[in-house]
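J.: Heads up, this note's numbering is the position in the sequence shown plus 167, with the first residue counted as 1. We treat Cβ as the ideally placed atom computed from N, Cα and C, and that holds for glycine. The structure presented is a predicted model; accordingly, all values stated were derived computationally and were not measured. Before I ask anything, here is the structure I am working with.
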Amino acid sequence: MQKLRNIKRSTLLIWLSFLLPIAIMLIYFMVRRMFPFGNSSSLTVDLGQQYIDFYSFYRSTLLHHWSTIFYSFTKDLGGDMYGTWAYYLFSPFNLLLLFTPGKWLSFGVMLITLLKIGCSGMAFAFLLTKTNWQKGYLIPTFSVAYALNGYVIANLLNVMWLDALVALPLVALGIEKIFTTHKFSFYTTWLAFILIVNYYMGYMICIFACLFFVWALIVHWPNKKQTGMAIKHFVSGSLLAGAIAAVVLLPTFFQLTQSKGTYTQHTVQWRFEYQPIKMIAKFITGCFNFEQMPKGTPNLFVGALALIGVVVYFMQKRKNISWREKIATLGVSAMLFFSMCYQPLDLLWHGMQFPVWYPYRFSYIACFWLILIAARGLKQFHELSISQLIVSLTIIMLISGYAYCHLKSFNFLDSKQILISTLFGILFLALLSLYSAKTTLINMLLLLACCADMTINAVISLNKISYVPQSDFARYTLALDKDIKQLRPTGKQFYRIGKTFLRTKNDAMQTDYYGTDQFNSMLEPDVPKLMGNLGQAVGDGFVTYSNGTLFTDSLLGIKYMLQQRPVPLMNSYPNSATDPILPPAGYRPDLSFDQKVGQTALIKNYQNNNALPLGFAASNAIKHVQLNSDEPIINQNIIAQNLLPHQHNLLFLADNNTEMVLNNVQDDGNDNYTKINNNAPGWLTVHFTPRTNDPYYLTIGPALANKNVSLAINGKNIQQYDTFQNTVVVTLCAKQKNIPQTLNITLNKNSLWLQNCNLYYLN
């Protein structure tokens, strides 16, 4: 009977570890008025610009066309999708998205985020329970700290990484079972799980599994025969997990060699990436903001109780925790510490590639390790000794003091956050000092205090981040989908669709059509290279077809171009004047040469009758074409001439018959210009008169990006995609024969390099 009560109590504590983190975050989402509780959403940064479209693609694939698991033309010009599935979409939690269509997709993402957080807390509780490393209410206490640690809060938007926090405690438990039950099936199962669900996070867990196994070997200290058996089971279990996951790992590895793997670092700088002492600030509550996403320090917030628990662990008596274990723990801790600041080790954890945004992506392992040490430190805890109290209080004050003295160095901190963290540290010390008096009551108070500590960190951190309004996401998706339904290919038809507006570069995946854009870590580098040479806005891992010409439209098989209509929307959508439903991403007056074939309330459609099919006959010379960087119009001439080798006339001709007038700007030579009076506007005016009705195009280098200049033709602003690192093509006018044109180039800064600025017209 007592055993049954213990099982029921353990089950209750595990479920409490599941429900508490979910409840905390659900209440936050409700207060923040995230859909369906208001007009906000959980979409921000890459979740709103990339992953949400992958999730729509996930639904479309499983519900309509399974073949796109392997290859899809919704990925830029068409590409291998298996690697994308392996990195973003193989999580079993994603099955919930099948029940959240259309505008409810953002709610589905919120649901799977909550479930992953809850399951990570449950997994940690399961580890503590099965290993007997904690008991009572301290199990959900540490589980809540784990489920809502600083890494989780900072990476709520990177939903696909959160599966790792579910798997990590179970992999650790599996390694423990190798020593306690002499079986490795549990370890193999969960290691294979994370390798299949997200090979990237799985790779990091594999590294930690090796460290954890060595630690466990030292802690258990078996005899020679048992040591050999444990090593055999660990190696066998690891290899078996890899073999099980090979169905994902092998094809993904091949795709990586064609895409992301080409960015592997072959040289390593043996240096610290920043002053390691700066890590201390990440133990203060709310130690996160937007600036930490592209280039910050590791997210290590684990709450004040965990920090105190770590101190207690190393100050425990030898009969409770052996020196052998403490030395092993110190060794693993040192490895994790240096990995988060020393470049060679940092690169090792990231597969020898520097992350693009979100640095130190393995810091969840450090959070897990700290909380696990703390849980073991308080395992046989009876009361806080004077020495433990003094050392813990000293460390808390040193952390707070350092953060306060260096506030100017940490734009994610303020004095209130430091005060809150200090008070929580003192509160936990007070509760632990009273621990022996009323253990159950104190344990419950520790749980409540830990929930409060982790909640405040989540609230302060997430309140610094802006989110996409649900109405923006829903209206755009609805408007685009309504129009695409009229144009989507049927049967054996094949053609692409382009747009002069975009919400994300993965719109084609969101509304299921063959497009030309993509933002994807698994994007093959040859695609942005080609599109960049054709004058499109490209970068690392993305392609945007925002700067097309009539020729590239036809070459790429773009049969339809969608253009936003200039309709008055103020009555229906009050914010549309400053925040349009269809954000412009290109200026294409040359579409007037295409046939207008229909429209909706927000979009008008143009049909390109010259669009080439997926396959067509051409000269063999096209296979040997060499394109030039930063010469997109010349490249288009080269392609046109080599498709039809007997065609000697150039497709595009340069027009040098222009006149430039400088306004508060002086010419410094070599196409460099500076303002004369920095406090007054400065601009260059280019006058030209088209010789024909053909479209006129301007090439501009990245020095003329939106942040540096504003372009206007005849007083009308030219909407440009705001990020590009190559020379792009801008359409200026069409059907304007003998009509004088005025191009204004306004300097947004005090100087300008008129990089690769040339005028052409279609012949």
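Does the beta-carbon distance from residue 811 to residue 930 come in below 8 angstroms?
T.: no
J.: Determine whether the beta carbon atoms of residue 703 and residue 714 lie at a separation below 8 angstroms.
T.: Cβ distance < 8 angstroms, so residue 703 and residue 714 count as in contact.
J.: Do you know whose CA, among 910, 551, 596 and 589, lies nearest residue 571's CA?
T.: 589
J.: CB-CB under 6 angstroms to residue 322, same chain, minus the five flanking residues each way: which ones, in chain order?
T.: 328
J.: Going by other Cβ atoms of all chains shown within 10 Å of its Cβ, with 16 needed for buried, is residue 343 buried or exposed?
T.: buried
J.: Apply the 10 Å Cβ neighbour rule to residue 554 and answer buried if 16 or more other Cβ atoms are within range, or exposed otherwise.
T.: exposed
J.: Please specify which runs of the alpha helix (DSSP H), each continuous and at least 4 residues long, are wholly inside the segment 693 to 768, giving them in chain order.
T.: 693 to 700 and 717 to 722
J.: Leaving out five residues on either side along the sequence, give the residues of the same chain with a beta carbon under 7 angstroms from the beta carbon of residue 915.
T.: 874, 875, 876 and 877
J.: In whole angstroms, what separates the C-alpha of residue 277 from that of residue 209?
T.: 6 angstroms
J.: Please go through the same chain and pick out, in chain order, the residues whose beta-carbon is closer than 7 angstroms to the beta-carbon of residue 487, but skip the five residues on each side of it.
T.: 547
J.: Is the Cβ-Cβ distance between residue 556 and residue 600 less than 8 angstroms?
T.: Yes, the pair counts as a contact, with Cβ atoms nearer than the cut-off.
J.: Can you check the segment 552 to 635 for any alpha helix (DSSP H) of at least 4 residues that lies completely inside it and give the ranges in chain order?
T.: 553 to 572, 582 to 600 and 606 to 629
J.: In chain order, what residues of the same chain have a beta carbon less than 8 angstroms from the beta carbon of residue 645, not counting five sequence neighbours either side?
T.: 269 and 270
J.: Assuming residue 534 and residue 477 make a contact with CB atoms under 8 angstroms, what is their CB distance in whole Å?
T.: Actually they do not touch by this definition, with Cβ atoms about 12 angstroms apart.
J.: Give a yes or no on contact between the segment 757 to 767 and the segment 880 to 897, applying the rule of three or more CB pairs nearer than 8 angstroms.
T.: no
J.: Please report the residue range of the alpha helix (DSSP H) in which residue 839 lies.
T.: Premise fails: residue 839 lies in the beta strand (DSSP E), 839 to 842, not in any alpha helix (DSSP H).
J.: Just to confirm the assignment, what range does the alpha helix (DSSP H) spanning residue 516 have?
T.: 510 to 516
J.: Report the rounded CA-to-CA distance for residue 739 versus residue 638, giving the unit in angstroms.
T.: Bear in mind that the predicted position of residue 739 carries a pLDDT of just 46, short of 50, making it too unreliable to give a figure here.
J.: Would you tell me roughly how many angstroms separate the C-alpha atoms of residue 736 and residue 769, rounded to the nearest one?
T.: For residue 736, the predicted structure reports a pLDDT of 47, less than 50, and the residue's modelled location is therefore unreliable. A value from the coordinates is still provided. Each residue's alpha carbon lies about 9 angstroms from the other.
J.: As a quick exercise: from 192, 202 and 222, pick the residue whose alpha carbon is nearest that of residue 679.
T.: 222
J.: If you draw a straight line from the alpha carbon of residue 856 to that of residue 904, how long is it in whole angstroms?
T.: Rounded to the nearest whole angstrom, the C-alpha separation of residue 856 and residue 904 is 7 angstroms.
J.: What residue from 675, 319, 253 and 239 has the CA that sits closest to residue 622's CA?
T.: If we check each option's Cα against that of residue 622, 319 comes out closest.
J.: If you measure between the beta carbons of residue 852 and residue 909, is that distance less than 8 angstroms?
T.: Yes; because the gap between Cβ atoms is below 8 angstroms, this pair is in contact.
J.: State yes or no: is the C-beta of residue 724 within less than 8 angstroms of the C-beta of residue 778?
T.: yes
J.: Leaving out five residues before and five after residue 771 in sequence, what residues of the same chain have Cβ atoms less than 7 angstroms from its Cβ?
T.: 730, 732 and 763
J.: By the 10 Å Cβ neighbour count, where 16 or more other Cβ atoms means buried, how is residue 780 classified, buried or exposed?
T.: exposed
J.: Going by the CB atoms, is the gap between residue 802 and residue 717 shorter than 8 angstroms?
T.: The criterion of a C-beta distance shorter than 8 angstroms is not satisfied by residue 717 and residue 802.
J.: Would you mind giving the Cβ-Cβ distance between residue 886 and residue 754, rounded to the nearest angstrom? I have them listed as a contact below 8 angstroms.
T.: 5 angstroms
J.: In angstroms, rounded to a whole number, what distance separates the CA positions of residue 866 and residue 798?
T.: 8 angstroms
J.: Taking residue 361 and residue 397 to be in contact with their CB atoms under 8 angstroms, please state how far apart those CB atoms are, rounded to whole angstroms.
T.: In fact, because the Cβ distance is near 21 angstroms, the residues do not count as touching under 8 angstroms.
J.: Using DSSP's beta-bridge definition, name the partner residues of residue 880.
T.: 883 and 910
J.: Compute the Euclidean distance between the alpha carbons of residue 450 and residue 541, then round it to the nearest angstrom.
T.: 14 angstroms
J.: So, for residue 248: in the same chain, excluding its five sequence neighbours on each side, which residues have a beta-carbon less than 8 angstroms away from its beta-carbon?
T.: 235, 236, 237, 238, 239 and 242
J.: Let me know if residue 607 comes out buried or exposed under the rule of 16 or more other beta-carbons within 10 Å of its beta-carbon.
T.: exposed
J.: Could you compute how far the alpha carbon of residue 843 sits from the alpha carbon of residue 831?
T.: If you take the alpha carbons of residue 843 and residue 831, they lie about 5 angstroms apart.
J.: Quick one: using the 10 Å Cβ neighbour count with 16 as the cut-off for buried, is residue 265 buried or exposed?
T.: exposed
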